[in-house]
Amino acid sequence: MSDNDEQVQANEVMLRLLGRREHSVRELEQKLSQRGFAASIIRVVINEAIARGWQSDERYAELWTRHCLQRGDGINKIKASANAKGISSELLEQALAAEEPDWAELCFERLCKKFGSEPPATPKDRDRRIRHLLQRGFTYPDIKQALERQSDAVAD
Numbered sequence: 001m002s003d004n005d006e007q008v009q010a011n012e013v014m015l016r017l018l019g020r021r022e023h024s025v026r027e028l029e030q031k032l033s034q035r036g037f038a039a040s041i042i043r044v045v046i047n048e049a050i051a052r053g054w055q056s057d058e059r060y061a062e063l064w065t066r067h068c069l070q071r072g073d074g075i076n077k078i079k080a081s082a083n084a085k086g087i088s089s090e091l092l093e094q095a096l097a098a099e100e101p102d103w104a105e106l107c108f109e110r111l112c113k114k115f116g117s118e119p120p121a122t123p124k125d126r127d128r129r130i131r132h133l134l135q136r137g138f139t140y141p142d143i144k145q146a147l148e149r150q151s152d153a154v155a156d
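Quick note on numbering: full-length UniProt numbering labels position 10 of the sequence shown as 10, and the sequence is numbered without any gaps.
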């Protein structure tokens, strides 16, 4: 197969991928590489997509960040996952600034969604809730505030 044929084929694969959802440059590189395309062909095809506005890491970062926030992920989990997705720390900061998340509110919503509005009855239950929220990427101060808010809501 000639380089031109391979480039056309790589371009078709990339367009199918981008037609389904946004992808970062890193994701496109990985997926095209897995399909056996040469690195030089991949770079040419991706650069063309960027030039035409078909691919944008900025747009991908915004959509991906919004998705993570809707899913109930905390700041630590989002930061840890962003690098694997090919989102730089600068792009992540821009996307988070655009969304302006209230981490304490998100943490409280996640707590109530998983465990209901009743505060923990035992220290073991409290620890289980803390562990869950830490695994979801929330910071300890936000978790503490969410647990206090849950206790205060029942006390009122």
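For every residue, glycine included, the Cβ atom is placed at its ideal position computed from N, Cα and C. Model, not experiment: these values are computed from the prediction.
From residue i to residue j, what distance separates their C-alpha atoms?
i           : j      : result
Arg136      : Arg71  : 10 angstroms
Gln9        : Ala82  : 29 angstroms
Asp142      : Trp103 : 7 angstroms
Glu6        : Glu58  : 28 angstroms
Phe37       : Glu22  : 20 angstroms
Gly74       : Lys124 : 23 angstroms
Arg128      : Leu106 : 18 angstroms
Thr139      : Asn76  : 7 angstroms
Ala95       : Pro120 : 34 angstroms
Lys144      : Glu29  : 41 angstroms
Leu32       : Asn4   : 16 angstroms
residue 158 : Ala39  : For the chain, the structure presents residues 1 to 156; residue 158 sits outside this window and is missing.
Glu93       : Leu133 : 22 angstroms
Ile46       : Arg20  : 16 angstroms
Glu90       : Lys79  : 11 angstroms
Glu27       : Ile42  : 12 angstroms
Lys113      : Leu69  : 14 angstroms
Arg35       : Val44  : 16 angstroms
What did DSSP end up calling residue i once you bin it into helix, strand or coil?
i      : result
Asp102 : coil
Gln30  : helix
Gly19  : helix
Ser24  : coil
Pull up the CB-CB distance for residue i and residue j, whole angstroms please, since I reckon it's below 8 angstroms.
i      : j      : result
Gly86  : Val13  : Contact doesn't hold; Cβ gap of about 18 angstroms is too wide.
Ala146 : Phe115 : Between Phe115 and Ala146 the Cβ distance is about 10 angstroms, and since that is not below 8 angstroms, they are no contact.
Leu111 : Gln55  : With a Cβ gap of about 37 angstroms, Leu111 and Gln55 do not count as contacting.
Ala61  : Leu18  : The pair is not a contact, with the Cβ atoms about 15 angstroms apart (cut-off 8 angstroms).
Ser117 : Ala84  : Going by Cβ atoms, the distance from Ser117 to Ala84 rounds to 34 angstroms, so no, they are not a contact pair.
Starting from residue i, trace the alpha helix (DSSP H) in both directions and tell me its first and last residue.
i     : result
Arg66 : 57 to 71
Ser40 : 39 to 52
Worksheet item: Can you list, in chain order, the stretches of the alpha helix (DSSP H) that have 4 or more residues and sit fully within the segment 75 to 148?
Response: 75 to 85, 89 to 99, 103 to 115, 123 to 135
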